[in-house]
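>
2 protein chains.
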Amino acid sequence: MVRLLRPCCRLLLPNLSCRSHHNDSAKGKRLLLSRLYQPRNIWEEQSSHLESKSNERTSKSHKLMIRAGLIQSSSPGCFHFLPYTVRSIEKLIRLIDKEMHGIGGQKVDLTSLHPADLWRQSGRWDLMGKELFRLVDRHNQDYCLGPTHEEVVTHLVSSGGSIYHKQLPLLLYQITRKFRDEPRPCFGLIRSREFYMKDMYTFDATEEAAFQTYNEVCQAYSNIFSALGLNFVKVQADTGNIGGKISHEFQLPATIGEDRLLVCQGCGFSANVETLQPGERDCPSCKEKLTETKGIEIGHTFYLGTKYSHIFNATCYDSQAKPFVAEMGCYGIGVSRLLAASLEVLSTEDDIHWPGLIAPYQVCLIPPKKGSKESEAALVAESLYDEIIHSVCGLRGEIVLDDRNNLTIGKRVKEAQMMGYPFVVVVGRKALENPPVFEVRSHNAGEVQFLSREGLIDFLKTVQVI
Amino acid sequence: MVRLLRPCCRLLLPNLSCRSHHNDSAKGKRLLLSRLYQPRNIWEEQSSHLESKSNERTSKSHKLMIRAGLIQSSSPGCFHFLPYTVRSIEKLIRLIDKEMHGIGGQKVDLTSLHPADLWRQSGRWDLMGKELFRLVDRHNQDYCLGPTHEEVVTHLVSSGGSIYHKQLPLLLYQITRKFRDEPRPCFGLIRSREFYMKDMYTFDATEEAAFQTYNEVCQAYSNIFSALGLNFVKVQADTGNIGGKISHEFQLPATIGEDRLLVCQGCGFSANVETLQPGERDCPSCKEKLTETKGIEIGHTFYLGTKYSHIFNATCYDSQAKPFVAEMGCYGIGVSRLLAASLEVLSTEDDIHWPGLIAPYQVCLIPPKKGSKESEAALVAESLYDEIIHSVCGLRGEIVLDDRNNLTIGKRVKEAQMMGYPFVVVVGRKALENPPVFEVRSHNAGEVQFLSREGLIDFLKTVQVI
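Structure below.
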């Protein structure tokens, strides 16, 4: 046994100055498109039968994500995430983590199985009706699958002992899978039954402090959506079955949106139509006419007051050690929905456009077709690939080499545009000139440039990655 | 609306050369221990009532994790992960991702809700009995919560279109929450009902190629466990209800282990006792006497053959475009179990010892007590903190400043040891000498050194982080 149990002294990650999740390329391995798992026949055959298989209402992003092999349906409103989507979601999570840490958020990971008793205590066991997925375990205990975690987190904080003033505001958040038995799942990841949500719960000693926390979280949300280049609207919203005193939604205007918004061009007032009097079309602030638009909800914030902290007895102490029932807020971003909604508003009917920062891969490099006049530029393409990952540290693991050299450059460029790589570098005839010239297509900007090797490297150094 | 919809031009992550998930500190903010959420009263009151509340059998790691505020029980066998645990698990996931990418693994994320039909097709809907959590949706459709994903992934690959030889071997994996209604959950995260598992599924054209893939995955598993400094044993194992032809388990020898292993000191043969004839105690290879030990299973590999690919018709094509039913393998690492099992074998009864690489924070820096003789060293401590995160890029976000300066250094050192920070830096009386000297306690090595400022910085540059 002694020989088997020898610990290992292998050194890990010697290159500390450039940590990366995807450092295959750093080892000299090239990421080959032909190796990537992506149900390609769907793309080639345009197989619309797959799209119409279920009775779900579809949308542009839904169709594009199916066609491009980004997701695959498992059951109504439940989708497998395929490799491109996983990469994008992981980047989105890093962006969210960064902003949540920036405001002092601490990450937890709460169970998906919720004991029914907690939901009975809040009264939502009955209130949620069929939207809760319910089950019993082998001992006949009732559980639900968490669609949101107000009950669970408040119980956690309450049973974990007192919160002292130095810990306030306490901001706990998680990014986990949530479950909701939607009556009519539709639009792929936009309205699904199993989805990723970032949910944050905040605890403060006073209403005033809770408001400040509320505003800080809203600002962090704005930062996230802005970093994705999204044109969002923040509207006053209804508190629904979550409860509480104040609520806002972050909405992406879109024709498929299921929320109706009223926005004032004059003073910037904006509201979900649910919060206004029926028929009200004048701005409550400046009396201008309100404009109606539809929106996809991508974030929702609630100032809860003491609704849950009272039920579960979550107490915190101010600087004089005086106990208070905690003032709470809760805040959600539909993570997988945000991804799909971004594609919905940014893409064309044929081409995916990712928010640049969270594109699965930043660059697709296309070498010449085998047997073509420019075929000897293939070696140039490979050495260019290696030079980029050597010189542009941030792009390691971010460059796909489209090695399917039985296809023309034109066909592969078209596919690359459909997949939405933010940058496509074509190594074609001009790469054989002296000095070589490369075609660089910036997908989101809709620009084409011809750059020297050095120019290309300098250009790629400006690409933002997360 | 126009004014509201202005996109933002905020620059993200200007410091590309040092990407980090936790870059609070990079902004000059210090990580203060008093701000961290950790149910501290549990620790102070030693409250054993919390440990014995349920009827679950406990273990050293279970008790330590509860006492230190790393996890909290939600229901039998279900635990909330609190911030320290989330950080550790995220590091473990990065380590696993790195090794999986190294062998060409592609990450997917499959649904937790599995349609019953897939499990009926494989015959495991009945076979799994009460271990499956089952539920029905609002349309009375049967589902289970995935404890493992052979059915789902094989169906995915089969319905996603043909796999071409250039894509082979195809290695798909995920790191997601799994559900298993254990008859007797125990030992905290070691045998729980809701847990994180890394599961990989591989597809090859021939048995020979599948064996090669099998060996590569096993090697990656060994790399992961070795990187954690664990003394593991790889034993031949039973295939259980997963099925297949060959199977190995990766086991951590431990007194609480529920698997019985027989190991040959002579030739290195080792096996789960289930795979041998009852009463067999001689090594089948060299006839030496076998030694029995108990183990905690942390990884399991299966060469499945065509069991699932045959049922779900998963076909792949060799280089001559000849179709084959795919030869499959499946591979699991219990991620949350691996974390707990590591603590189980590395810790003492009182002090947590993390595998250094995945400790939640690498360094705890302890300034002097307020009002003590050395209290003016407090400023030295703060400037030291700032210098470290400035000079040692890899440690950004990894250093906690124990700002509870109402407590003695001794008390905080004791707590830091209990929490298992790999490195504790004490800024005490010697820090006021000229030049200043710092006490550095290496928890896992059990060493204490006294270092100059430069010596300390150089020492910390050698700390491995992921």
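Top line first, the protein sequences correspond to chains A and B.
Each number in this note's numbering corresponds to the 1-based position in the first sequence with 8 added.
Each number in this note's numbering corresponds to the 1-based position in the second sequence with 8 added.
Glycine included, each C-beta is placed from N, C-alpha and C at the ideal position.
As the structure is a computational prediction, the values presented were derived from the model and not from experiment.
1. Along chain A, in chain order, which residues have C-beta atoms closer than 7 Å to that of B:Lys115?
2. Using 10 angstroms around the beta-carbon of A:Lys206, count the other beta-carbons present and answer buried if the total reaches 16, otherwise exposed.
3. Mind checking whether B:Leu468 and B:Pro363 have CB atoms under 9 Å apart?
4. Identify every residue that forms a DSSP beta bridge with B:Lys206.
5. Report, in whole angstroms, the separation of the C-beta atoms of A:Val116 and A:Gln182, which I expect to be a contact under 8 Å.
6. With distances taken from CA atoms, which of B:Leu78, B:Arg38, B:Gln46 is nearest B:Leu351?
7. Pick from A:Glu390, A:Ala217, A:Leu365, A:Ile366: whose alpha carbon is nearest that of A:Pro375?
8. Could you please give the first and the last residue of the uninterrupted alpha helix (DSSP H) stretch that includes B:Asp466?
9. Along chain B, which residues have their Cβ under 8 Å away from the Cβ of A:Arg404?
10. Kindly indicate the opening and closing residues of the beta strand (DSSP E) around A:Leu409.
11. Specify whether the segment 168 to 179 of chain B and the segment 318 to 329 of chain B touch according to this definition: at least 3 beta carbon pairs, one from each stretch, less than 8 Å apart.
12. Considering B:Pro91, what are the terminal residues of the alpha helix (DSSP H) in which it resides?
13. If the criterion is Cβ atoms closer than 9 Å, does the pair A:Gln259 and A:Glu305 meet it?
14. Considering only their Cβ atoms, is the gap separating A:Pro261 from A:Val333 smaller than 9 Å?
15. Per DSSP, what kind of secondary structure is B:Ala124 in: helix, strand or coil?
16. Classify A:His147 as helix, strand or coil using the three-state DSSP reduction.
17. Going along the chain, which residues of the segment 328 to 347 of chain A sit with their C-beta nearer than 7 Å to a C-beta in chain B?
18. Taking 9 Å as the cut-off, decide whether the C-beta atoms of B:Leu176 and B:Ala213 are in contact.
19. Just confirm the distance between the C-beta atoms of B:Arg449 and B:Val471, as a whole number of angstroms; I'd bet it's less than 8 Å.
20. Taking C-beta pairs closer than 9 Å, name the residues in chain A that B:Leu257 reaches, listed in chain order.
21. Threshold first: 3 residues or longer. Then list the beta strand (DSSP E) segments lying entirely within the segment 324 to 404 of chain B, N to C.
22. For B:Val445, which residues in the same chain have their Cβ closer than 6 Å to its Cβ, ignoring the five residues on either side in sequence?
23. Rounded to whole angstroms, what is the Cα-Cα separation between B:Ser167 and B:Lys242?
24. With 9 Å set as the bound, which would you pick, yes or no: does the beta-carbon of A:Ser56 sit closer than that to a beta-carbon of chain B?
25. With which residues is B:His308 paired in a DSSP beta bridge?
26. Closest to B:Leu269 by CA distance: which of B:Ile250, B:Ala245, B:Cys275 is it?
27. If distances are taken between C-alpha atoms only, which option among B:Ala424, B:Ile198, B:Ser42 comes closest to B:Gly303?
28. Give me the Cα-Cα distance between A:Tyr229 and A:Phe310, rounded to the nearest whole angstrom.
29. Quick check: is the beta carbon of B:Arg185 nearer than 9 Å to any beta carbon in chain A?
30. Return the bridge partner residues of B:Leu197 from the DSSP annotation.
31. Are the CB atoms of A:Ser200 and A:Phe87 nearer to each other than 9 Å?
32. Any Cβ of chain B within less than 9 Å of the Cβ of A:Ile465?
33. How would you list, in chain order, the residues of chain B whose beta-carbon sits under 9 Å from the beta-carbon of A:Lys138?
34. Within 10 Å of its beta-carbon, does B:His57 have 16 or more other beta-carbons around it, so buried, or fewer, so exposed?
35. Near B:Leu126, what residues of its chain come up, given a Cβ to Cβ distance below 7 Å and the 5 sequence neighbours on each side ignored?
36. In terms of alpha-carbon separation, which member of B:Gly405, B:Ala367, B:Cys401 lies closest to B:Tyr429?
Reading off the structure:
1. On the second sequence, position 107 is the one that residue 115 of chain B refers to. For B:Lys115, the chain A residues whose Cβ falls inside 7 Å of its Cβ are Pro91, Val94, in order along the chain.
2. Translated into the one-based positions of the first sequence, residue 206 of chain A becomes position 198. Burial call: buried.
3. Against the second sequence, residue 468 of chain B aligns to sequence position 460. Against the second sequence, residue 363 of chain B aligns to sequence position 355. Contact: no.
4. As a position in the second sequence, residue 206 of chain B is number 198, starting the count at 1. According to DSSP, B:Lys206 bridges with B:Ile183, B:Ile341.
5. For this step, residue 116 of chain A is matched to residue 108 along the first sequence. For this step, residue 182 of chain A is matched to residue 174 along the first sequence. That belief holds up - the Cβ atoms of A:Val116 and A:Gln182 are roughly 5 Å apart, short of 8 Å.
6. The residue given as residue 351 of chain B occupies position 343 in the second sequence. Selection B:Leu78, B:Arg38, B:Gln46 evaluated against B:Leu351 yields B:Leu78 as nearest (Cα-Cα).
7. Numbered from its first residue, the first sequence carries residue 375 of chain A at position 367. The option with the nearest alpha carbon to A:Pro375 is A:Glu390.
8. As a position in the second sequence, residue 466 of chain B is number 458, starting the count at 1. 461 to 468 is the extent of the alpha helix (DSSP H) around B:Asp466.
9. By 1-based counting over the first sequence, the position of residue 404 of chain A is 396. Per Cβ cutoff of 8 Å: no residues; A:Arg404 is ~10 Å from chain B at best.
10. Start at 1 with the first residue of the first sequence, and residue 409 of chain A comes out as number 401. That run of the beta strand (DSSP E) goes 407 to 409.
11. Result yes; three or more Cβ-Cβ pairs closer than 8 Å.
12. Looking up residue 91 of chain B in the second sequence gives position 83. According to the DSSP assignment, B:Pro91 belongs to the alpha helix (DSSP H) that extends over 91 to 110.
13. As a first step, residue 259 of chain A must be located in the first sequence, where it is residue number 251. As a first step, residue 305 of chain A must be located in the first sequence, where it is residue number 297. In this structure, A:Gln259 lies near A:Glu305, with their beta-carbon atoms less than 9 Å apart.
14. Within the first sequence, residue 333 of chain A is the residue found at index 325, counting from 1. Within the first sequence, residue 261 of chain A is the residue found at index 253, counting from 1. Note that the C-beta distance between A:Val333 and A:Pro261 is not below 9 Å.
15. Reading the second sequence from its first residue, position 116 is the one you call residue 124 of chain B. Helix, per DSSP.
16. Within the first sequence, the letter at position 139 stands for residue 147 of chain A. In this structure, A:His147 counts as coil in the three-state DSSP scheme.
17. Within the segment 328 to 347 of chain A, no residue has a Cβ that lies closer than 7 Å to any Cβ of chain B.
18. On the second sequence, position 168 is the one that residue 176 of chain B refers to. On the second sequence, position 205 is the one that residue 213 of chain B refers to. Judged by beta-carbon spacing, B:Ala213 lies within the 9 Å limit of B:Leu176, meaning their Cβ atoms are closer than that value.
19. Stepping through the second sequence from its first residue, residue 449 of chain B is reached at position 441. Stepping through the second sequence from its first residue, residue 471 of chain B is reached at position 463. No, B:Arg449 and B:Val471 are not in contact; Cβ-Cβ is about 13 Å, not under 8 Å.
20. The residue labelled residue 257 of chain B in the question sits at position 249 within the second sequence. It is Glu, not Leu, that sits at residue 257 of chain B in the sequence shown. At a beta-carbon threshold of 9 Å, none of the residues of chain A lie near B:Glu257; the nearest stands roughly 13 Å away.
21. The qualifying runs are 331 to 333, 335 to 342, 371 to 374.
22. Taking the first residue of the second sequence as 1, we reach residue 445 of chain B at position 437. These residues qualify, in order along the chain: Lys438, Phe458.
23. Taking the second sequence and counting its residues from 1, the one referred to as residue 167 of chain B is at position 159. Taking the second sequence and counting its residues from 1, the one referred to as residue 242 of chain B is at position 234. Distance between the alpha carbons of B:Ser167 and B:Lys242: 35 Å.
24. Within the first sequence, the letter at position 48 stands for residue 56 of chain A. In this prediction, A:Ser56 scores a pLDDT of 49, lower than 50, which makes its location untrustworthy; no coordinate-derived value is stated.
25. Along the second sequence, read from residue 1 onward, the residue named residue 308 of chain B stands at position 300. Under DSSP, B:His308 forms a beta bridge with B:Glu257, B:Gly340.
26. What you label residue 269 of chain B is simply residue 261 of the second sequence in a count that begins at 1. Nearest option by C-alpha distance: B:Ala245.
27. For the purposes of this step, residue 303 of chain B is taken as the residue at position 295 of the second sequence. Taking the Cα of B:Gly303 as reference, the smallest distance to any Cα among B:Ala424, B:Ile198, B:Ser42 is reached at B:Ile198.
28. Translated into positions along the first sequence, residue 229 of chain A becomes position 221. Translated into positions along the first sequence, residue 310 of chain A becomes position 302. Between A:Tyr229 and A:Phe310, the C-alpha separation is close to 13 Å.
29. What you label residue 185 of chain B is simply residue 177 of the second sequence in a count that begins at 1. Closer than 9 Å: yes.
30. On the second sequence, position 189 is the one that residue 197 of chain B refers to. Answer is none; B:Leu197 lacks a bridge partner.
31. Your numbering for residue 200 of chain A matches position 192 in the first sequence. Your numbering for residue 87 of chain A matches position 79 in the first sequence. The answer is yes: Cβ separation under 9 Å.
32. As a first step, residue 465 of chain A must be located in the first sequence, where it is residue number 457. So no, A:Ile465 is outside the interface.
33. As a first step, residue 138 of chain A must be located in the first sequence, where it is residue number 130. Simply Asp145, Arg146.
34. In the second sequence, residue 57 of chain B corresponds to position 49, counting from 1. Note that B:His57 scores a pLDDT of 45, beneath 50, so its modelled location is shaky; the value from the coordinates is reported in the next line. Classification of B:His57: exposed, given that the 10 Å Cβ count is below 16.
35. As a working note, residue 126 of chain B is residue 118 in the second sequence. In its chain, beyond the 5 residues on either side, Glu159, Val160, His163 have a beta carbon closer than 7 Å to the beta carbon of B:Leu126.
36. Counted from its first residue, the second sequence places residue 429 of chain B at position 421. Checking every option, the nearest Cα to that of B:Tyr429 belongs to B:Ala367.
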